[in-house]
Structures are given as structure tokens and as C-alpha cells.
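Keeping their order, the protein sequence lines are chains G and P. Just remember that the numbering used here sits 3 ahead of the position in the first sequence, which is counted from 1. Just remember that the numbering used here sits 366 ahead of the position in the second sequence, which is counted from 1.
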Amino acid sequence: MKGETTKKIDSIEFGILDPDTIRKMSQIRVVIPDTYDEDGYPIEGGLMDLHMGVIDPGLRCKTCGGRMATCPGHFGHIELVRPVIHIGYIKMIYSLLKTTCRSCGRLLLPTDQIQTYKKLITESGELPEEQELDVISQAKKVSKCPHCGKKQEKIKLIKPMTFYEGERRLLPSDIRRRMELIPDKDLRLLGIDPKKARPEWAILTVLPVPPVTARPSITLETGERSEDDLTHKLVDILRINQRLRDNISAGAPQLIIEDLWDLLQYHVTTYFNNEVSGIPPARHRSGRPLKTLAQRLKGKEGRFRYNLSGKRVNFSARTVISPDPNISINEVGVPREIAEELTVPEEITEWNINHAKDYIKRTEYPRAIYLIRPDGRRKKITDMNREEILQELAPGYVIERQLKDDDIVLFNRQPSLHRVSMMCHLVKVLPGRTFRLHPAVCKPYNADFDGDEMNMHVLQTEEAKAEALTLMLVQNQIISPRYGAPIIKGDEDIVSGGYLLTKKGTAFDKRIAEKILIKAGIKKMPSPDIGNNYSGKLLFSMLLPSTLNLEYRSLLCRDCEKCVGSKCPYDAYVKIKRGKLVSGVIDKVSLQGILLDTIFRQYGPEEAKEFLNKSTRLLLASTMHQGFSVSVEDTRISKEAQQEIKAIIADARQEVNRIIKDYNEGRLKKLPGKTLRETMEDMIMAILGKARKDAGDVAANYLSDYNPIIIMSRVGARGSLLNVTQMSAMVGQQAVRGKRIMRGYRNKSLPYFKEGEMGIEARGFVSSSFMEGLTPTEYFFHAMGGREALVDKGIRTAKSGYMQRRLVNALQDIVARKDGTVRDSDDVIVQYKYGEDGTDPMKCHGDYAVRLETKTYVEEKDRDEINIEDEGDDYD
Amino acid sequence: MLDSKVIVNHILVPKHEIMSKKESKAFLESNGLKKDQLPRILREDPVVKAIKAKKGDIIKITRNSPTAGKAVYYRMVY
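Written out as C-alpha cells, the structure is:
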């Protein structure tokens, strides 16, 4: 952007503050462990001293003279009577104590070795990390100083912060003296730059006091003052510091002094980090642990992740969502209450000035709330100043008016895992208190209506609106960029409705046909095709573009040896000729696949949007006329079917018993790569799996073609053959860790069984159906399998969430460029061709791939085979 | 250590070729690239050692791709 300079960070340096710098930074030495006097005025020399900035209105900073809003705050300092260790540098101190001489301070390596390592120091003045570690590990082992000949003693660190040399305790002052001894030239080899971090600075003699603006006190309603946690901690430090000073000057015994010294160390440590393992966290009077420096920065609620990576925004709203099939897929129903609160800026030009005046004149809902003058001053429009403002209004002014229909917003549901988690919608102001969304966009948002909430963001600039409209609008996202098939589509009831409407024999009289069509917004009436009646296929044809020709097989297709095309006895062959549905039923394949896909690609996003809108309304309207419901009775199967299933179970049991017998008598042959036991288990699992499948087929065969459950599973609306099987025929083998159940007891699965029993019932085979009900043992086995599924799901989401976070962090700046390459922010190539094939899955169709840069189809010879997933159900 | 022939001929190792000075120059120019914009490959990489590529060489890697047939990739020895 013009006028903006970008600066590049070359390097970042970290160092330790030395005592002199701390004193120089400081505006005042803090000595009094108190904050305000009785009159509520900051105590001079106290922790709220006016030299460190002001947080009270009306006072002036004694350092810069600024007021509350202008003074940024200044540092102060505390002179510690005795030095204390900085807890953050404990590891460095420990390593230095072990690697340097206790008497002369030199690195415990012979001179020649020091010289060889020195040669390895790079231009940046650093020793490569690997060698640095070598130096440390070698110097640690030396027991006699190669420089002064002094014998070295073993240094021990008693966590968290007490050092011992042999039996003798090393006080922080002793350690500081040793650190001072280490010469600059040796420090380089230990990974320390002596200019920026002399090791003795890690033992504090002066403590910086952060500005009051960094630890403001808050005044409660009662007038009581409540201090920040950091201030509390600093009070503790000052108090102990003073007691220590008094005791020393009074000549108290060494024991008492050391006790107080340790106490000072404790307070300084918890001031830096209140979660150091091994020491009890400092607590507030109420028992709540104090939030000190490290706690302010760390973790999800810390400065980085909470305030810097994540920020709060204005012009947004959040509420519960509910469905509304009568709005368009690219609309969002917004409660009136929200629309009244949110505003959109409108720039005044000579062309819209009258329109803007209308908004200003209004006192009711769509009205202007604020006026922004060209100088940027903002004024609230009230009854008092309305006339004035109307006079004043001129091009260049901006009004902020309430949200109304067709305003452009972004709509989002967390977790925002992919691009379609956040799409651009148009506002539709509706009564009620929930956001309304079209059921077809549930899938991309992964939303349902069991209490889900979603967020809406109102776009404030023309650029943002244009960008959202072209890139993020719902109808432009119908095709998934991941696998190139529709992701915004009608499902469940809409699919059942498609079958019910277009199956053979569905016909309506004129009155009802009109009613159904008008629901879909179709005002043209076709001429009746079955006597005076209208067939379902005819009504559905009204949704199709008049030039559409298409032929394909629906889910009902039974893969006959010889396909008879549109004369298919099962009505599974879909034929659309010049926009008329000639044969075949409309099911999942049509509504979620080929038909929708073809309309999108041949006629564009607008037409596809209209198809989705109209088909939803038409199919729901027709379903409501026809009626469609499910009862428990629909899962009941006939006596004969039950007999057949019993026979299947008996056969399977016999077969399994035979295998167990073979196993016991050593007649079983091992499979390659498996133990004998595993071979047997595999064979049993296979038999039982087949038994369940057979039972399912029997049940499905005995259930009528008009059974709603069968209809739903066949046309792909909801439920699978497995679900039907489990409800009507048998639940089948339960598994834990992919094996038949075998846990909890010694060689048996439940106390009810014999030890070592291997029969089907003893290992979790459930031969009852949900309709019949499970026996107690079956019930337990089912719960065991269910528990595993639940735990797995929890672990999967937690793991994939963390993975996603890391992946997004790693990839966020990578861009697909216009020249087809993929590059990072330094223009370094990541891929020479996007995805190595330069194709955009969103624009690939069936067997055709599309070149990214030219948007033309890839020539047949240029590709081997392009795999496009046709199912999108598997994403998390 | 593995014989370089074994590495180069392994079924999972795609074709690596060292580009000549002329080829490298033509490649960089035609794509408007500078050498430091290329992805890198370590000198210690087993294949780099096997084909005896030196620091600064550009290596052309031809892989089989299920979607693109052949995918070509260029890396600079680093």
C-alpha cells in the first residue's frame, strides 16, 4: 500500500539487564511497602509513586508531566539488601557453576582445547550449538582446574533453587562472586555473550519495578481500592527486604538472617513465576493463586495467544441458529434486535444524498444512527439535531445506518477448519431471536440446530464487501475445493422427498400441483401429463433449465447384466431431455451429485443457487402433501424372516464351533504371518461378519419397498443397510481394538462365562436386534464397543485439533501465485506448480482437470488419471 | 554406507539429475528466479552424495504423480 513502509526484522537479541541499567532506567527508588495514604493520594517512595506514572484522573506524572492518558509510565527500582537468584536463569547458573573453576573462575578445559574450540566460533561470534554442548559436557567432568590446579567439588542443585557444594550451602552472594570471576573470553564458549549477559547479572541486586500503568489498581463500587497482583507481590518483597535490612543492622544471628533471605528469595521467585514446581504458589487473601509475570504471558489466556494472536472485534453478533428452508442459501435470517444494533457506513455522494436524507429523517427501524463529518468527527443523530444535520449534509459525509435486507455480512461457525466455515451471506431481517440459515449450508459449517451458535460480522468498507462478494459468497462455494464435488446440497428429508415426488405413480390434481409449485416460487403452470393430473416427474422438471440433457444411473440401479436404459423396471435410469425428467427417480446421486454438479458447471453458481432454493421448497412441500413418517413398527420383520435369521445364526454358530474344535485338536492351518490363535479369530470374525450381512439382506428383502426406513437408506437420505440390519435383524459382533471382546477377567469376558470359552456368545456376538432388545450380556458387550468408539472420537478430535493448529501456523503465509508457483513470504518456491499438477479441484469435472493459470481443460495426453473423490462424508 | 547405485536405483527414489551450468542459467532466466529462491537440498542428502552434486548445483527431480503424470522439481544443493 502507498505510503506504508514495511520493515523487516533482521535479528532479535536477548540479554540480561545489569544493575546499573536498571538504576538508570529507574525514575525512583521504591522503599515504602505501601500504596496510597488515607486520602487516597499515592505515597511518595511507595509502589504507586507518581514518578512511575499516573492512573488516577486529575494527577500529573512527576517524571514527564503527562496526565493519565498521555503518560506511558516509567520504571522504578528496589535495592535488594541481599542478592537473590533470578529463577529464570537457574539452569544457566547451575551449568556455569559446574563448568568453571571455584577458585579462578576459568572454564574447566585445558588451554589447547579452549583454543581449538575458539577457532570454531563463527562470524556472528557464536559457537555452533553442537560444539557448545560438547564444551559443557566435557568441562563438567573435570575435577581439577587445568589453570590454577585447584580441586573442584561437586555442585548440587536442590530444586527449585538451593545450591550445595559438597555439604556446604552456596548462598546467592557466593554464587554471584563466582559468576563475577568467569572471564569474558571463556563465556563465548559457553554460549553467552558477555556484553549482553554477564552471568552475575542473573543474580539480582536491584529489582526493576514496572510502571503503575502495567499494574493498575481498580476502584470497586464500594470505593475500596483493589491492587494488582504484581503490586501485592512487590509489597511482599519490600516488606521482607526492610525486615532483612533491620535485622542485619541490629546484628541478628546468621540463622535468622538466612531465613529472611530465603523468604526474600521466595517472594522474588514467585514474583517472576508463580508456577515454579517445588514451591507453593503465592496466594491472594481469598486463596486464589496470584497471577505474576510469567502467568501474564503464558498459555491460552496469556498475552500472546489471548491478546496478540487473537483480538476482539466490533460490528459482530452471535446467537443461536435455527433452520429456515424458505430463505435463500446465500441469505442469513437476522433478528430485528440485532439489525437495530449493528450499523453499515454509507458514504454520501451527490447521487445518494436524498436516499441518505430519508434515513436521517426516519425515527424508526431502518434509520441512520451516526453522522461522520469529513474531518472524521462523529455525531449521534437525535431528535434535537436532526434538522440541523439535514441542512449540513453534503457529499463527503458518511452516515452509519442500521443493518437491513441485502447488506453484506460474513457468517461463521467455529471451529473454522476450512474455507467454507466462513462464508458471505446477505442479510434478511426476520422476527424472532435466532439466526436463520438454509439447511443446505449446514454441511459446510458442520452445524446442526441442537443449540449451536454462530457469529456474524458486518462488513464496513467497499473493498471488504467486494472481496467477500467475489470470493466468499455462498453460491460460489457449492463445489468443495477439496474433492471437486458439491458440498452445499440438500440432504435427508429433501432427498427422501425427491424420491417420493419422482417415483412412478406419484401424481397430483391441479389444485395440489399449484400449491406445491407456488411454494417453490414457480408461477408457470405446465400442462397436465396424466389425464387431468400432474406427475411428480413433471413437477420436478419445472426446476430444471430447459436446455439440460443428462443421462445417468441412480442409487436404485441394480447393475443388471443388460441395461435397458430409460425402460429400467426399477426406474433407476435417469434421463433428462431438454429440461424434462423423462425417466428415473431423483435421489442422492441427483440432488447431491451429478445433477447439481452439472447445473453448477453448465449454468453457473446463480442457477445452481436457484436450483437448491427451489428444489428444497418444492420437495419439502410435496413431501408434506404426501406424508412421510417413521415408527418403531417399521423395524419389525415377519415371523418367516425371523426364522431365516435364526437359521443363519445357527449355521454360523455351528461353523464357528467346528473351527474351535479344529483349533483345539490341532487341525487348523496357520495363515501366513499369523499365529494359530489369530488365524482362528480371523476366520471366526469373517464367518460372523458374513452372518450379519446375510441377516441384513434377509431383513431388507422382507421389509416392503414402501417401508420408510428402507426408502431412506436406499435413496441415500439417512441411514445405511447396516443401520437397518442392526435395528431389524441383528446387532452383530462387538469389537474392542478390532478384536472380539476379551477383557476384564482372566480368560473370560464376563463372570457369567466359563474360563477359556471361545463360542460366539462368550466373545461379544450380539444376535438380537435393537427391535427385539439385547440380553444383559449382549448389553454389556455393546456398551464396551460403544465406549471404545466414544473414547476414540474424543482422542481423534483433540489430536487433529492440535495438528491443525500447527499446520495452519506453518502454512499461513504460503501463497499460490498467478504464475502457478507456490511461494512463501520471501518469494522462495515451495512448489513449482500448484499441487504439482497445477489443477484446481474446484474446477475439475469428472475426468477433466483444469489448468490453474489459464482455466482451460488439460489435454487428455497430459494426464494419466485424475482421482476425484465422489464422497465428502469423511471429513471431521 | 550404502552403495550409491543402490540408492539411485531404489524404487522409492525419484530421478535426480544435476543440471549443467548452461541449463541452470536458462532455467533460472526463463522462470525469472534467483538462485536463493529455490528450495534447498542438503549436501549430506544421500542422493546428492550418490550423484556427486556440489554446493550450488541445481538438481532436477522428476517424480511420478498420480494426478500430473510427471512432476518436475528443482532444488539447489545447500
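Every residue, glycine too, gets a C-beta built ideally from N, C-alpha and C.
Counting the other Cβ atoms within 10 Å of the Cβ of G:Pro754 gives fewer than 16, which makes it exposed. With a threshold of 8 Å between beta carbons, P:Pro405 makes contact with chain G. Annotated three-state conformation of G:Lys492 is coil, per DSSP.
C-alpha of G:Asp40 to C-alpha of G:Arg228: approximately 12 Å in a straight line.
Short of 8 Å from the beta carbon of G:Tyr373, and not among the five residues preceding or following it, lie these beta carbons of its own chain, in chain order: Thr346, Arg381, Lys382, Lys383, Ile384, Ile402, Glu403.
With a cutoff of 8 Å on beta-carbon distance, G:Leu547 and G:Gly582 are scored as near each other. Interface criterion not met: the Cβ of P:Ala416 is under 8 Å from no Cβ in chain G.
In the DSSP assignment, the residues bridged to G:Gln834 are G:Val825. Using a CB distance cut-off of 8 Å, P:Tyr440 counts as an interface residue toward chain G. Here G:Glu135 is near G:Gly194, since their CB atoms are less than 8 Å apart. The CB of G:Asp232 never comes closer than 9 Å to any CB in chain P; the least such distance is about 48 Å.
C-alpha of P:Val379 to C-alpha of P:Asn430: approximately 10 Å in a straight line. As the crow flies, the alpha-carbon of G:Leu594 is around 40 Å from that of G:Ala655. For secondary structure counted as the alpha helix (DSSP H) over 4 or more consecutive residues, the segment 566-610 of chain G holds these complete runs in sequence order: 597-606. Check the Cα spacing between G:Gly76 and each of G:His89, G:Ile90, G:Pro86, G:Ile58: the tightest is with G:Ile58.
Listed in chain order, the positions of the segment 378-393 of chain P with a beta carbon within less than 8 Å of a beta carbon of chain G would be empty, since no residue qualifies.
Per DSSP, reduced to three states, the secondary structure at G:Arg422 is helical. G:Tyr120 and G:Met71 have their C-alpha atoms some 54 Å from each other. Looking at the DSSP output, G:Gly336 shares a beta bridge with G:Lys431, G:Arg439. Here the C-alpha atom of G:Ala650 lies approximately 51 Å from the C-alpha atom of G:Ala523.
When secondary structure is reduced to three states using DSSP, G:His54 falls in the helix class. For G:Leu413, the enclosing beta strand (DSSP E) has its first and last residue at 411-415.
In the structure shown, G:Gly735 adopts extended strand secondary structure according to DSSP, grouped into three states.
In the DSSP secondary-structure assignment, G:Thr222 is bridged to G:Arg228. The beta-carbon distance between G:Leu413 and G:Ala471, rounded to whole angstroms, is 6 Å. This is short enough to meet the 8 Å contact definition. Non-local beta-carbon contacts of G:Lys154 in its own chain, meaning distances under 6 Å to residues more than five positions away in sequence, involve Lys147 in chain order. Boundaries around G:Arg171 are those of the beta strand (DSSP E), 171-173, since no alpha helix (DSSP H) includes it. The beta carbon of P:Ala437 sits closer than 8 Å to some beta carbon of chain G.
G:Ser544 carries a helical assignment under DSSP once its states are collapsed to helix, strand and coil. Residue environment for G:Arg695: buried (at least 16 other C-beta atoms within 10 angstroms of its C-beta). Beta-bridge partners of G:Gln245 (DSSP): none assigned. Using a 10 angstroms sphere on the CB of P:Val372, the tally of other CB atoms stays under 16, which defines it as exposed.
Collapsing the DSSP output to three states places G:Ala516 in a helix. Rounded to the nearest angstrom, the gap between the Cα atoms of G:Glu395 and G:Met387 is 14 Å. Not a single CB atom of chain P sits nearer than 8 Å to the CB of G:Tyr486. Within 10 angstroms of the beta-carbon of G:Ala689 lie fewer than 16 other beta-carbons, which makes it exposed.
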